[in-house]
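Data first, discussion second: the structure below is written as structure tokens.
There are 2 protein chains.
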Amino acid sequence: MRRAQRIAAITGMLVEKPHHVFDVGDFAELFGVARSTLSEDLSIIRSTFEDLGMGKVETIAGAVGGVRYLPDLSSEQILAQIEGICERLREPDRILPGGFVYTDDLILSPQLLRIVGHIFSTKFSQYEPQYVATVETAGIPVALSTARSLNVPLVVVRRQSKPTEGPVLTMNFVSGSANQVETMSLSRRALPTGSRVLLIDDFMKAGGTLRGLINLMDEFECTVVGTGVLIETGWPEKKLIDDYLSLIYLQEVNVEEEKVIVRPADWITA
Amino acid sequence: MRRAQRIAAITGMLVEKPHHVFDVGDFAELFGVARSTLSEDLSIIRSTFEDLGMGKVETIAGAVGGVRYLPDLSSEQILAQIEGICERLREPDRILPGGFVYTDDLILSPQLLRIVGHIFSTKFSQYEPQYVATVETAGIPVALSTARSLNVPLVVVRRQSKPTEGPVLTMNFVSGSANQVETMSLSRRALPTGSRVLLIDDFMKAGGTLRGLINLMDEFECTVVGTGVLIETGWPEKKLIDDYLSLIYLQEVNVEEEKVIVRPADWITA
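In order, the protein sequence lines correspond to chains A and B. My numbering numbers the first residue of the first sequence as 1287 and each following residue consecutively. My numbering numbers the first residue of the second sequence as 1287 and each following residue consecutively.
Here it is as structure tokens:
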């Protein structure tokens, strides 16, 4: 195989599985070339991706030697992408009776989900999560996309347990906005004790659900290494959790003037 | 940019967005080379992917000229992958009280989901679905992965409607296995009239939910272009829908002998 062909093959494998560590020795064997030749191939891919802002190609030193692709976005790329989503959210015909905003078409589009997954991966991969957890239902697509970008399994906490889950741990929690007692449950075998978990949800008002999820992780003796939220609302001002990263700040839905007042989170524009 | 660099860049973009049609003219402009040079680049990528079984790179003729990546798997690859999942399903400690099989760790793993999405894309892309639809909750990860492989939006039908969905169409249906009347609902704006829709679910016993989903698509005046199911059970023998493609056939869960009797669907081994 010539260089151009090796580069096509290796690039395809790397991008298809973000965060997966490939053994450089396996590549050398597959293509029948020396490691030094492969190092040159990899450095061409790395510098091309860097020049075009297509993410990072990282070589991992060690006895074996590995390489992986991180779908990281630059600060400018994150700002541009999130500003683009905010612009869509400002479309007046999204406003629903009761001051709700219709977002399903956005949070179920593969393009948006891919980007949002990559952004959360960019911000949280340094904390080395082993699982991404969310509460059903609306958070699942964003959480799964993040899990895919990070190459770790997803854990879905349920509102009601199902017989196909085996023994479950069930917990009551107080939803922040409605101030109601609700229930969440998770299969005992879904999450090993001591795991490092990243929490992801699509929407946060007071943060009651996420606070419940944090308590549930305590019960599983797991460490929460981060909390990511796609859209945070400006109301209520006081949140029930302290430490989280949101991407979009939904300040107000003005039904009379038909205006959705929304902007990228402060850390993005800072 | 030299050829090796162009190939790294183009391959990365193609694989990152399966089924997305890239304009060859845009590539020519980005890299500052003639279209004929780009044609050679693309034919190197295409033949390399073909040789290594990494999917198809398809050039689309026409005034503009486009290129896209299809994550298609060969029959042998599908068999090997599905046989691998069946092997995991046969692990005796998956058997739960009541003869249920624990599958959450499998259907929430990014590796499995990526492959299953690619398999459904391989089988259904020829019918040109514009949406992938599923019913919450367990079907969402498989359906989203399929939507991502096909590069079309996901539609999630809910058991209970939420105020953030706007006007919804709600429908009763009879679940096949429990023979109970249940409810499903979908936002009026989730799906335009006349859309071509692919239905995807993780699990099918009698098929009552999928039959309900087919009826719901009728109400939306949409065309069901295919129905895909990850795991189909051998019981009940009579299914409520005719035309579907399952990947795995779960024949029996023998609790006493601690055996899960499962195999790839017939079309895969034929």
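Quick reminder that beta carbons are idealized off the backbone N, C-alpha and C, glycines included. Computed from a prediction, not measured in an experiment: that's the story for all the values here.
According to DSSP, is residue i helix, strand or coil?
i                  : result
Thr1479 of chain A : coil
Asn1465 of chain A : coil
Val1310 of chain A : helix
Phe1506 of chain A : coil
Met1470 of chain B : strand
Leu1526 of chain A : coil
Ala1424 of chain A : coil
Gln1235 of chain B : Any answer about residue 1235 of chain B is impossible in this case: the structure gives chain B only from 1287 up to 1556.
Ser1329 of chain B : helix
Leu1338 of chain A : helix
Ser1532 of chain B : strand
Thr1389 of chain B : coil
Met1287 of chain B : coil
Pro1439 of chain A : coil
Leu1394 of chain B : coil
Gln1446 of chain A : coil
Gly1520 of chain B : coil
Pro1550 of chain B : strand
Val1402 of chain B : helix
Ala1320 of chain A : coil
Gly1351 of chain B : coil
Asp1488 of chain A : strand
Gly1298 of chain B : helix
Ala1419 of chain A : strand
Glu1377 of chain B : coil
Taking C-beta to C-beta, are residue i and residue j nearer than 8 Å?
i                  : j                  : result
Ala1419 of chain B : Val1443 of chain B : yes
Gly1452 of chain A : Leu1536 of chain B : no
Thr1469 of chain A : Lys1491 of chain A : no
Gly1384 of chain B : Pro1449 of chain A : yes
Leu1499 of chain B : Val1421 of chain B : yes
Ile1331 of chain A : Ala1294 of chain B : yes
Ser1447 of chain B : Ser1431 of chain B : no
Val1441 of chain A : Asp1488 of chain A : no
His1404 of chain A : Ser1361 of chain A : no
Ile1296 of chain B : Ile1554 of chain B : no
Gly1348 of chain A : Val1301 of chain B : no
Pro1304 of chain A : Asn1437 of chain A : yes
Can you list the residues of chain A that residue i reaches, using a CB-CB cut of under 9 Å?
i                  : result
Pro1449 of chain B : Leu1382, Pro1383, Gly1384, Phe1386
Arg1434 of chain B : Pro1396, Leu1399, Arg1400, Ser1431, Arg1434
Val1442 of chain B : Asp1390, Leu1394, Thr1423, Ala1424, Ile1426, Pro1427
Gly1298 of chain B : Thr1297, Gly1298, Leu1300, Val1301, Ile1331, Thr1334, Phe1335, Leu1338, Met1340, Gly1341, Tyr1355
Looking only at its own chain, which residues have a Cβ that is under 6 Å from the Cβ of residue i, when we skip the five neighbours before and after it?
i                  : result
Lys1545 of chain B : none
Ala1290 of chain A : none
Leu1533 of chain B : Ile1368, Leu1516, Ala1551
Lys1342 of chain A : Leu1356, Asp1358
Since residue i meets chain B, which of its residues come closer than 7 Å, beta carbon to beta carbon?
i                  : result
Gln1291 of chain A : Ile1330, Thr1334
Pro1478 of chain A : Near Pro1478 of chain A there are no residues of chain B at all, since even the closest Cβ is about 11 Å away, more than 7 Å.
Leu1338 of chain A : Ala1295
Could you say which of the options lies nearest to residue i if we only look at CA atoms?
i                  : options                                    : result
Ile1371 of chain A : A:Val1460, A:Gly1384, A:Pro1453, A:Leu1399 : A:Leu1399
Pro1557 of chain B : B:Leu1484, B:Ile1405, B:Val1539            : The displayed coordinates of chain B run from 1287 to 1556. Any statement about residue 1557 of chain B would go beyond what the structure contains.
Gln1416 of chain A : A:Lys1303, A:Val1511, A:Pro1304            : A:Val1511
Arg1292 of chain B : B:Glu1315, B:Pro1427, B:Pro1550, B:His1305 : B:Glu1315
Leu1526 of chain B : B:Val1460, B:Leu1477, B:Asp1552, B:Ile1517 : B:Val1460
Ile1393 of chain B : A:Ala1556, A:Ala1433, A:Phe1406            : A:Ala1433
Trp1521 of chain A : A:Ala1464, A:Gly1348, A:Thr1456, A:Asn1437 : A:Ala1464
Phe1410 of chain A : A:Met1287, A:Leu1531, A:Asn1501            : A:Leu1531
Pro1396 of chain A : B:Leu1455, B:Arg1288, B:Thr1495, B:His1306 : B:His1306
Phe1313 of chain B : B:Glu1302, B:Val1353, B:Val1343            : B:Val1353
Ser1473 of chain B : B:Asn1501, B:Phe1506, B:Leu1496, B:Asn1458 : B:Phe1506
Asp1529 of chain A : A:Asn1540, A:Glu1542, A:Arg1380, A:Ile1486 : A:Ile1486
Ser1407 of chain A : A:Tyr1355, A:Arg1445, A:Asp1379, A:Tyr1388 : A:Tyr1355
Met1503 of chain B : B:Pro1478, B:Lys1524, B:Glu1336            : B:Pro1478
Given residue i, which residues of its chain have a CB within under 8 Å of its CB, disregarding the five upstream and five downstream residues?
i                  : result
Ile1401 of chain B : Leu1359, Gln1367
Arg1482 of chain B : Tyr1413, Glu1414, Pro1415, Gln1416, Tyr1417, Cys1508, Thr1509, Val1511
Val1562 of chain A : There is simply no residue 1562 of chain A to check, as chain A begins at 1287 and stops at 1556 in what is shown.
Thr1334 of chain B : Met1340
Leu1496 of chain A : Leu1485, Asp1487, Met1490, Thr1513, Val1515, Leu1526, Ile1527, Tyr1530
Output yes if chain D places a C-beta closer than 8 Å to the C-beta of residue i; else output no.
i                  : result
Thr1495 of chain B : Among the protein chains in the structure shown, which are A and B, there is no chain D.
Along chain B, which residues have their Cβ under 9 Å away from the Cβ of residue i?
i                  : result
Ile1368 of chain A : Simply none; closest approach about 19 Å.
Starting from residue i, find everything on chain B with Cβ-Cβ shorter than 8 Å and list it in chain order.
i                  : result
Ser1473 of chain A : Tyr1388, Asp1390
At 8 Å on the CB atoms, spell out the chain A contacts of residue i, in chain order.
i                  : result
Ile1426 of chain B : Thr1423, Ile1426, Pro1427, Leu1430
Pro1439 of chain B : Asp1391, Leu1394, Ser1395, Pro1396
Please tell me whether, using a cut-off of 7 Å, the distance from the CB of residue i to the nearest non-hydrogen atom of the ligand MN is below it.
i                  : result
Asn1437 of chain A : Because no ligand of any kind appears in the structure shown, any question about the ligand MN cannot be addressed here.
Going along the chain, which residues of its own chain have a beta-carbon closer than 7 Å to the beta-carbon of residue i, five neighbours each way excluded?
i                  : result
Arg1374 of chain A : Leu1392
Gly1493 of chain B : Gly1462, Lys1525, Leu1526, Ile1527
Taking Cβ-Cβ distances shorter than 7 Å, what residues in chain A pair up with residue i?
i                  : result
Gly1452 of chain B : Leu1382, Tyr1388
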